[in-house]
Amino acid sequence: MVPFKIPMSILELMIISATPLIEQRGAVPFAAASGYGVGEAYFWTLLGAIIPAPFILLLIPHVLELLKKVKFLSKLAYWYENRALEKSKKVKDNLKYVSIFLFVAIPLPGTGVWTGSTIASLLGLDFKKSLISVILGAAVAGIFMIIISYGIKILVS
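Residues 1 to 157 (UniProt numbering) make up the sequence shown, in order.
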(Lines of atoms letter the chains of each structure in order from A and count residues from 1; the text may use other names and numbers.)
(Lines give C-alpha, C1' and ligand atoms only; values in the text may rest on other atoms or scores of the structure.)
Protein backbone atom coordinates (compact mmCIF):
# COMPACT_ATOMS: atom_id res chain seq x y z
CA MET A 1 0.00 0.00 0.00
CA VAL A 2 1.39 3.37 -1.05
CA PRO A 3 1.26 5.87 1.84
CA PHE A 4 -0.24 8.54 -0.42
CA LYS A 5 -2.48 8.72 -3.45
CA ILE A 6 -2.73 11.53 -5.98
CA PRO A 7 -6.06 11.53 -7.84
CA MET A 8 -5.39 12.20 -11.50
CA SER A 9 -7.44 11.86 -14.67
CA ILE A 10 -6.12 10.27 -17.85
CA LEU A 11 -6.16 13.69 -19.54
CA GLU A 12 -4.06 15.20 -16.75
CA LEU A 13 -1.64 12.30 -17.01
CA MET A 14 -1.33 12.79 -20.78
CA ILE A 15 -0.82 16.54 -20.39
CA ILE A 16 2.01 15.94 -17.91
CA SER A 17 3.52 13.42 -20.36
CA ALA A 18 3.34 15.96 -23.19
CA THR A 19 4.94 18.75 -21.15
CA PRO A 20 8.53 19.62 -22.11
CA LEU A 21 11.17 18.64 -19.55
CA ILE A 22 8.67 16.56 -17.53
CA GLU A 23 7.37 14.19 -20.20
CA GLN A 24 6.82 10.51 -19.53
CA ARG A 25 9.71 10.43 -17.04
CA GLY A 26 7.70 12.60 -14.68
CA ALA A 27 4.23 11.32 -15.56
CA VAL A 28 4.83 7.63 -14.77
CA PRO A 29 5.54 8.27 -11.05
CA PHE A 30 2.33 10.35 -10.91
CA ALA A 31 0.44 7.46 -12.53
CA ALA A 32 1.85 5.04 -9.96
CA ALA A 33 0.90 7.38 -7.11
CA SER A 34 -2.57 7.79 -8.62
CA GLY A 35 -3.26 4.07 -8.50
CA TYR A 36 -3.09 3.33 -12.23
CA GLY A 37 -2.11 -0.19 -13.19
CA VAL A 38 1.19 -0.77 -14.98
CA GLY A 39 -0.42 -1.24 -18.42
CA GLU A 40 -2.66 1.80 -18.10
CA ALA A 41 0.19 3.98 -16.87
CA TYR A 42 2.47 2.86 -19.67
CA PHE A 43 -0.13 3.31 -22.42
CA TRP A 44 -1.45 6.74 -21.39
CA THR A 45 1.93 8.25 -20.55
CA LEU A 46 3.48 6.95 -23.78
CA LEU A 47 0.57 8.30 -25.81
CA GLY A 48 0.83 11.68 -24.10
CA ALA A 49 4.59 11.79 -24.63
CA ILE A 50 4.53 10.99 -28.35
CA ILE A 51 1.61 13.24 -29.39
CA PRO A 52 3.88 16.33 -29.64
CA ALA A 53 6.60 14.51 -31.66
CA PRO A 54 5.24 14.98 -35.22
CA PHE A 55 4.47 18.63 -34.54
CA ILE A 56 7.94 19.26 -33.11
CA LEU A 57 9.59 17.49 -36.04
CA LEU A 58 7.64 19.56 -38.56
CA LEU A 59 7.35 22.93 -36.86
CA ILE A 60 10.19 23.57 -34.39
CA PRO A 61 12.55 25.35 -36.82
CA HIS A 62 9.74 27.72 -37.86
CA VAL A 63 8.59 28.30 -34.28
CA LEU A 64 12.14 29.05 -33.14
CA GLU A 65 12.61 31.56 -35.97
CA LEU A 66 9.38 33.32 -34.98
CA LEU A 67 10.32 33.36 -31.30
CA LYS A 68 13.72 34.85 -32.12
CA LYS A 69 11.89 37.88 -33.52
CA VAL A 70 9.96 38.48 -30.28
CA LYS A 71 12.14 40.56 -28.00
CA PHE A 72 11.26 38.94 -24.67
CA LEU A 73 11.31 35.38 -26.11
CA SER A 74 14.39 35.55 -28.31
CA LYS A 75 16.83 34.58 -25.54
CA LEU A 76 14.72 31.51 -24.75
CA ALA A 77 14.56 30.52 -28.43
CA TYR A 78 18.33 30.86 -28.88
CA TRP A 79 18.97 28.98 -25.63
CA TYR A 80 16.69 26.08 -26.64
CA GLU A 81 18.15 25.86 -30.15
CA ASN A 82 21.75 26.01 -28.88
CA ARG A 83 21.02 23.43 -26.19
CA ALA A 84 19.53 21.04 -28.77
CA LEU A 85 22.41 21.61 -31.18
CA GLU A 86 24.92 20.99 -28.39
CA LYS A 87 23.19 17.72 -27.53
CA SER A 88 23.08 16.84 -31.24
CA LYS A 89 26.86 16.45 -31.19
CA LYS A 90 26.18 13.07 -29.58
CA VAL A 91 24.32 11.98 -32.74
CA LYS A 92 26.75 10.05 -34.92
CA ASP A 93 26.45 10.69 -38.67
CA ASN A 94 26.42 7.06 -39.71
CA LEU A 95 23.99 6.07 -36.95
CA LYS A 96 21.68 9.10 -36.95
CA TYR A 97 18.40 7.33 -36.30
CA VAL A 98 19.85 4.81 -33.85
CA SER A 99 21.44 7.75 -32.03
CA ILE A 100 18.10 9.58 -31.85
CA PHE A 101 16.45 6.38 -30.57
CA LEU A 102 19.11 5.89 -27.88
CA PHE A 103 19.06 9.58 -26.95
CA VAL A 104 15.31 9.41 -26.26
CA ALA A 105 15.36 5.89 -24.75
CA ILE A 106 17.73 6.74 -21.90
CA PRO A 107 15.48 8.31 -19.26
CA LEU A 108 17.67 11.19 -18.15
CA PRO A 109 16.66 14.84 -17.81
CA GLY A 110 16.77 16.64 -21.16
CA THR A 111 16.87 13.50 -23.30
CA GLY A 112 13.19 13.01 -24.05
CA VAL A 113 10.81 13.32 -26.97
CA TRP A 114 10.99 17.10 -27.14
CA THR A 115 14.77 17.32 -27.32
CA GLY A 116 15.15 14.23 -29.51
CA SER A 117 12.55 15.54 -31.97
CA THR A 118 14.13 19.00 -31.96
CA ILE A 119 17.57 17.54 -32.67
CA ALA A 120 16.23 15.42 -35.54
CA SER A 121 14.42 18.42 -37.00
CA LEU A 122 17.34 20.84 -36.69
CA LEU A 123 19.64 18.25 -38.30
CA GLY A 124 17.19 17.94 -41.20
CA LEU A 125 16.66 14.21 -40.71
CA ASP A 126 13.91 12.29 -42.50
CA PHE A 127 10.52 12.85 -40.84
CA LYS A 128 9.25 9.24 -40.85
CA LYS A 129 12.52 7.69 -39.72
CA SER A 130 12.92 10.33 -37.02
CA LEU A 131 9.35 9.84 -35.80
CA ILE A 132 9.84 6.07 -35.59
CA SER A 133 13.14 6.56 -33.71
CA VAL A 134 11.54 8.98 -31.26
CA ILE A 135 8.46 6.80 -30.64
CA LEU A 136 10.55 3.65 -30.10
CA GLY A 137 12.89 5.60 -27.81
CA ALA A 138 9.94 6.89 -25.78
CA ALA A 139 8.56 3.34 -25.55
CA VAL A 140 11.84 2.04 -24.11
CA ALA A 141 12.21 5.00 -21.74
CA GLY A 142 8.65 4.34 -20.56
CA ILE A 143 9.53 0.73 -19.75
CA PHE A 144 12.49 1.92 -17.67
CA MET A 145 10.29 4.41 -15.83
CA ILE A 146 7.57 1.81 -15.21
CA ILE A 147 10.14 -0.59 -13.72
CA ILE A 148 11.61 2.16 -11.52
CA SER A 149 8.32 3.75 -10.42
CA TYR A 150 6.35 0.59 -9.79
CA GLY A 151 9.39 -1.08 -8.23
CA ILE A 152 9.60 1.78 -5.72
CA LYS A 153 5.83 1.56 -5.19
CA ILE A 154 6.18 -2.15 -4.33
CA LEU A 155 9.12 -1.48 -2.00
CA VAL A 156 7.22 1.28 -0.19
CA SER A 157 4.12 -0.90 0.19
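Don't be surprised by glycine CBs; every beta carbon is placed ideally from N, CA and C.
- prompt: What does a CB cutoff of less than 7 Å around Met14 pick up in its chain, not counting 5 residues either side in sequence?
  reply: Trp44, Leu47, Gly48
query: On the three-pair Cβ rule with 8 Å, is the segment 133-142 touching the segment 60-80?
result: no
- request: Identify which residue in Ile16, Ala84, Lys87 has its Cα closest to the Cα of Ile51.
  value: Ile16
- prompt: Can you tell me whether DSSP reads Lys35 as helix, strand or coil?
  reply: The amino acid occupying residue 35 in the given sequence is Gly; Lys does not appear at that position. Of the three classes helix, strand and coil, the one that applies to Gly35 here is coil, per DSSP.
- prompt: Hey, is the segment 111-126 in contact with the segment 26-42, meaning 3+ C-beta pairs nearer than 8 Å?
  reply: no
- prompt: What are the complete alpha helix (DSSP H) segments, minimum 4 residues, inside the segment 11-78?
  reply: 23-33, 38-50, 52-68
Where the alpha helix (DSSP H) through Leu155 begins and ends: 127-156
query: Near Ile146, which residues of its chain fall below 8 Å by C-beta distance, leaving aside the five closest residues on each side in sequence?
result: Val28, Val38, Ala41, Tyr42
message: To the nearest angstrom, how far is the alpha carbon of Phe144 from that of Val156?
response: 18 Å
Phe30 versus Pro54: straight-line alpha-carbon distance, rounded: 25 Å
message: Does Ile100 come out as helix, strand or coil in the three-state DSSP assignment?
response: helix
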